[in-house]
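Structure record follows, encoded as structure tokens.
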Amino acid sequence: MKKLFSLLLTLAMILGCVSFASAEIDADLIKAAQEEGELIVYGSCEEPYLNAAARHFEELYGIKVYPQRLSTGEVQAKITEEAGNPSADVWFGGTTDPYNESAKAGLLMAYEAKNAADLAGAMYRDADGYWYGIYKGILGFMVNTEELARLNLEAPKGWDDLLKPEYKDLVWVSNPNTAGTAKLIINTMVQLKGHDDAMKYFVELDKNVAQYTKSGSGPSKKVGIGECVIGVGFLHDGIAQILSGYDNIALVIPEEGTSFEIGATAIFEGCAHPNAAKLWVEYALSPECVELADDAESYQFLVINSAKQPAAVEPFGLDPNNVIDYDFEDAKNNTTQYVQDFFNALGAAADSRFKTE
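Numbering of the sequence shown is given in our numbering, commencing with residue 26 and proceeding in unit increments.
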């Protein structure tokens with residue numbers, strides 16, 4: 026009788042955890058994950074969001090989480106080097122182009138997540154279950170209005186404006202070797218202009234670039250203080266800076282059109298804690314997880330139907346659907362080559378401005 030009571034109590038605790046995060050999570054999966062006891066997460070979202078998600082997962086399931094913040098390019102390089110014996114279990118946040126490259130290389134584990142049924146559309150997941158989307162971010166410019174006024178310059182209206190000679194040393198972009206954001210920018214230009222014209226564009230743009238930052242959010246963090254005058258990146262990063270007190274930042278959606286990221290989560294092939302990793306994916310696809318982003322100053326559009334969008338974004342009037350029809354399949358098949366072509370086009374210009382720290 027005591028054994029039966031103990032079993033029922035354990036089951037009730039497990040089911041209680043399920044009700045917090047999602048009614049779709051299987052009790053057997055929770056039990057198996059708890060037996061593994063720990064989880065190592067590489068996060069390519071901003072660190073406060075990563076840490077908040079990790080802490081809440083621990084609270085829900087009693088599984089110790091070890092989060093580490095790395096840019097998407099760093100994660101891709103690390104798991105490529107580790108070749109099927111990864112030092113982490115899951116990937117959380119960051120653009121999907123590196124996820125697709127990693128899946129193609131056999132570095133991600135397919136998993137059919139039950140909570141994927143709540144995604145806003147088929148485009149927000151890999152068809153074979155190698156990754157699942159959790160948020161969407163719009164690519165654009167963040168400009169320091171005070172510095173532009175001091176220099177008697179107008180803000181750029183579109184991608185071609187960034188080539189104007191008056192913007193020399195004023196533009197910051199991220200490094201394609203370390204940042205998924207930069208890979209998205211390369212793919213965006215290829216899709217807007219065609220391959221050869223895109224490479225010519227980057228050669229001209231390079232003449233105005235003061236720094237290629239390690240992280241995709243790097244340019245946005247320097248706009249408010251005036252170190253960067255024109256930063257290219259995701260507009261939600263600019264919103265975070267504005268809401269932190271920098272009212273000298275304006276957001277620009279390029280007039281020729283722009284693309285978007287899908288921030289994702291995935292399991293590493295060969296990971297040490299596969300059940301805890303599967304549980305993380307189910308958790309990441311629940312409002313319980315993604316709504317933490319708002320309080321953690323990550324203001325992306327959420328792609329889970331039952332999740333509440335961050336209220337802080339509404340006054341900025343951004344439309345998450347006002348974007349180009351981004352060709353994910355072309356990006357999946359050709360990003361590696363396009364990045365190589367980018368550096369070949371720049372040649373000797375690929376210098377110390379490309380930051381890796």
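Glycine included, every Cβ here is placed at the ideal spot set by N, Cα and C.
query	result
Let's test the definition: count the other Cβ atoms within 10 Å of the Cβ of ALA135 and tell me whether it reaches 16, buried, or not, exposed.	exposed
Along the alpha helix (DSSP H) that carries PHE367, what are the first and last residues, could you check?	353-371
Go ahead and pull the three-state DSSP assignment for GLN334.	coil
Which runs of the beta strand (DSSP E) at least 3 residues long sit entirely within the stretch 102-164? Give them in chain order.	115-117
Excluding the five sequence neighbours on either side, which residues of its own chain have a C-beta within less than 6 Å of the C-beta of GLN266, listed in chain order?	SER245, GLY249 and ILE274
Identify whether TRP197 lies in helix, strand or coil by the three-state DSSP scheme.	strand
Taking the straight line between their C-alpha atoms, what separation do you get for PRO92 and TRP116?	10 Å
Counting beta carbon pairs with one atom in the stretch 118-129 and one in the stretch 218-226, are three or more of them shorter than 8 Å?	no
Suppose the cutoff is 8 Å on Cβ atoms and the five residues either side in sequence are ignored; what does the same chain contact list for ASP231 look like?	LEU371 and ALA374
Nearest CA to the CA of GLN101: which residue from HIS220, ILE292 and VAL234?	ILE292
For LEU176, does the count of other Cβ atoms within 10 angstroms reach 16, so buried, or fall short, so exposed?	exposed
On a CA-only basis, which of SER331, GLN216, GLU99 and ALA302 is nearest ASP24? Give me that one, please.	Because the chain spans 26 through 382 in this model, residue 24 falls outside it and cannot be assessed.
Let me make sure I understand the geometry here. Which of PRO279, ASN358 and LEU304 has the alpha-carbon closest to that of ALA79?	LEU304
Enumerated in chain order, which unbroken segments of the beta strand (DSSP E) with a length of 3 residues or greater are wholly contained in the stretch 276-348?	285-293
LEU64 lies in the beta strand (DSSP E); which residues open and close that run?	63-68
Do you know offhand how far GLU394's Cα is from ALA113's?	For residue 394 there is no data in the structure shown, the boundaries of the chain being 26 and 382.
Among LYS139, GLY165, TYR155 and GLY270, which residue has its Cα nearest to the Cα of HIS261?	GLY165
With burial defined as no fewer than 16 other Cβ atoms inside 10 Å of the residue's Cβ, what is the status of PRO10: buried or exposed?	Because the chain here runs from 26 to 382, residue 10 falls outside it and cannot be looked at.
Which of the three DSSP states is assigned to ASP254 in this structure?	In the sequence as presented, Asp is not what sits at residue 254; that position holds Val. Coil.
Would you kindly report the start and end of the unbroken alpha helix (DSSP H) that includes LYS225?	220-231
Please go through the same chain and pick out, in chain order, the residues whose beta-carbon is closer than 8 Å to the beta-carbon of ALA204, but skip the five residues on each side of it.	SER96, THR97, GLY98, THR238, LYS239, SER240, GLY241 and GLY243
Go through its chain and collect everything with a Cβ distance to GLY68's Cβ below 6 Å, but skip five positions before and after it.	LEU75, PRO92, ARG94, PHE117 and GLY118
Based on the DSSP secondary-structure assignment, which residues constitute the bridge partners of GLN59?	Paired residues: none, contrary to the question.
Between the beta-carbon of PRO312 and the beta-carbon of LYS161, is there less than 9 Å?	no
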